[in-house]
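A.B. asks:
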Amino acid sequence: MNPTIDDLELIAEQINAGTWKKRKRVKNMNFFFPRNTTCPDLIVPDPQTRVQARVEDRDLDFIDRQVNKVNNGGSTDNIKDITCIEFKNDIDKLLNGNHGVEINVMLGIDEANANMVSWEDDLGSSMFNAIRLGNMLNRVEQESQATQNNDIKRELFTLMDERVAQGLEPHPTLEQREEFLKLYPQIKGQRALGQWIADHEEVGSNNKPKISYTSAQRLHMESVFRSLSRYSEHAVTECRTVASWKQTAVEQIFLQMLAEKKKKALIIFYCSTVSQADLLDNTNLKKTIRDLYDRLGAYYQVDRKNIEIDIEYLRHR
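Residue numbers for the sequence shown follow our numbering, beginning at -13 and rising by one.
What follows is the structure in structure tokens.
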């Protein structure tokens, strides 16, 4: 059964009030890659153990401030219980509390109290419902920031994606649009919401490439590359947009190599916009990326051997 907005509001209210009945203790490190013995203080989130409601998943400065407060005599009372989605295959994924679990780990806290929400029974097996619940919880979450416009837009686009997958027009119904305006007063009316709707790949002119990938499809592609024998010695990163090639992609390469104790890495890029696809097709961007990663490989060594960084691009045409 697909839950209504009132059903999700009730779940969020009970979780925030501490009265949600489905709870258990979980290991905080379940949501991170195993620690590397050569650098035990480094913790790297494992994206496959999380359902990400936020566009920005971590604010490291915020985490450091909270850890420093506690270490200087502050209380951990502001770190609320986390919320996890429970799947039938006995896999739990973190929905709410990215900052909380990382703060716990950095403070040496082994376990956390978790509110358990069923993927099938409570969320109707819908990623839109999961993201909406995550945003509802973020509206009042104490150890993180409030829900931002990009998080709301992601929720809206997930709804539109699910409508397309069901063979419906991508435009939300009037009732669905009114739900967004009621939930998020920062949206300045139907006109502003309509502009967001126009930004969706199936509606507006700022379309995605002809071949685009949902989060589930990107996770599947990561699994495919991990299964290939030629990458058996590689730390395979999560798929990243071409726009991130010089910033977060480089960071993730080194963090994941360290976490997995690997000397080789595979970075997977995809195009999230037409402009990114045009850059790949019509400029020397691929060569620029390759040159930078070759220089990094020539500069950094592990056990006196240069690291190797391989690149794969998902199709966009």
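Each residue gets a CB set at the ideal place from its N, CA and C atoms; glycine is no exception.
Find the nearest neighbour of N136 within the set Y256, Y170, D147, judged by alpha-carbon distance.
C.D. replies: The option with the nearest alpha carbon to N136 is Y170.
A.B. asks: My guess is that D96 and K13 are in contact by the Cβ rule of under 8 Å, so how many angstroms apart are they, rounded?
C.D. replies: The pair is a contact, with the Cβ atoms about 7 Å apart (cut-off 8 Å).
A.B. asks: I need the straight-line Cα distance from F211 to V222, nearest angstrom please.
C.D. replies: Looking at the two C-alpha atoms, the distance is approximately 8 Å.
A.B. asks: In terms of DSSP beta bridges, what is R216 paired with?
C.D. replies: Bridge partners of R216: none, in fact.
A.B. asks: Pick from L123, G283, Y299: whose alpha carbon is nearest that of F255?
C.D. replies: Considering only alpha carbons, the answer is Y299.
A.B. asks: Exposed or buried, P307, counting other C-beta atoms within 10 Å across all chains shown (16 or more means buried)?
C.D. replies: Nothing about residue 307 can be reported from this structure: the residues present for the chain run from -13 to 303 only.
A.B. asks: If you check the beta carbons only, do L28 and N82 fall under 9 Å apart?
C.D. replies: It is not a contact, given that the beta carbons lie outside the stated cut-off.
A.B. asks: So, using beta-carbon positions, are V53 and L80 closer together than 9 Å?
C.D. replies: No.
A.B. asks: Should F73 go down as buried or exposed, given a rule of 16 or more other Cβ atoms within 10 Å for buried?
C.D. replies: It counts as exposed.
A.B. asks: What are the boundary residues of the beta strand (DSSP E) that I297 is part of?
C.D. replies: Taken as a continuous stretch (DSSP letters only), the beta strand (DSSP E) holding I297 covers 294 to 299.
A.B. asks: Report yes or no: do three or more beta-carbon pairs, one from the stretch 53 to 69 and one from the stretch 88 to 104, lie closer than 8 Å?
C.D. replies: With the cut-off at 8 Å, the stretch 53 to 69 and the stretch 88 to 104 touch.
A.B. asks: Could you check how far apart the C-beta atoms of E208 and K250 are, in whole angstroms? I think they sit under 8 Å.
C.D. replies: Not a contact, Cβ separation roughly 16 Å.
A.B. asks: By Cβ distance below 6 Å, which residues in the same chain neighbour F19 in space, the five residues on each side in sequence not counted?
C.D. replies: If we look at F19 and ignore the five residues flanking it on each side, its Cβ neighbours are V30, D32, A245.
A.B. asks: Within the continuous alpha helix (DSSP H) that includes D185, where are the two ends?
C.D. replies: Segment: none, D185 is in no alpha helix (DSSP H) and carries neither H nor E.
A.B. asks: Take C225 as the anchor and find which of V288, A263, I253, I1 has the nearest alpha-carbon.
C.D. replies: Selected option, being the one with the closest Cα: I253.
A.B. asks: Who does D78 pair with in a DSSP beta bridge?
C.D. replies: Paired residues: E72.
A.B. asks: Identify whether L(-6) lies in helix, strand or coil by the three-state DSSP scheme.
C.D. replies: L(-6): helix per DSSP, three-state reduction.
A.B. asks: Taking just the CA atoms, how far does D147 sit from C257?
C.D. replies: If you take the alpha carbons of C257 and D147, they lie about 17 Å apart.
A.B. asks: At what residues does the alpha helix (DSSP H) containing N135 begin and finish?
C.D. replies: Counting along the chain, the alpha helix (DSSP H) containing N135 begins and ends at 135 to 151.
A.B. asks: Considering only the alpha carbon of each residue, which of M113, L93, R44, R51 lies closest to I71?
C.D. replies: Nearest option by C-alpha distance: M113.
A.B. asks: Going by DSSP, what residues sit across from A221 in a beta bridge?
C.D. replies: A251, per the DSSP bridge assignment.
A.B. asks: With a threshold of 16 other CB atoms inside 10 Å of the CB of I(-3), please say whether the residue is buried or exposed.
C.D. replies: Buried, since its Cβ has 16 or more Cβ neighbours within 10 Å.
A.B. asks: Which one of Q162, L(-6), N101, R51 has the shortest CA to CA distance from T5?
C.D. replies: It is N101 whose Cα lies nearest to the Cα of T5.
A.B. asks: Just how far apart, CA to CA, sit A263 and D185?
C.D. replies: Using only the alpha carbons, I get a separation of about 17 Å.
A.B. asks: Of all the options R281, L154, A116, which has the alpha carbon lying nearest to the alpha carbon of D296?
C.D. replies: Comparing Cα positions, the closest option is R281.
A.B. asks: In whole angstroms, what is the alpha-carbon distance linking I68 and A284?
C.D. replies: Straight-line Cα distance between these residues: approximately 42 Å.
A.B. asks: Grab me the residues of Q128's own chain with a C-beta within less than 7 Å of its C-beta, minus the 5 sequence neighbours each way, in chain order.
C.D. replies: Residue placement at Q128 is flagged as unreliable, the pLDDT there being 42, under the threshold of 50; a coordinate-derived value is accordingly withheld.
A.B. asks: Going by CA-CA distance only, name the one from I173, H157, Q162, A98 that's closest to I(-9).
C.D. replies: Minimum Cα distance to I(-9) is reached at Q162.
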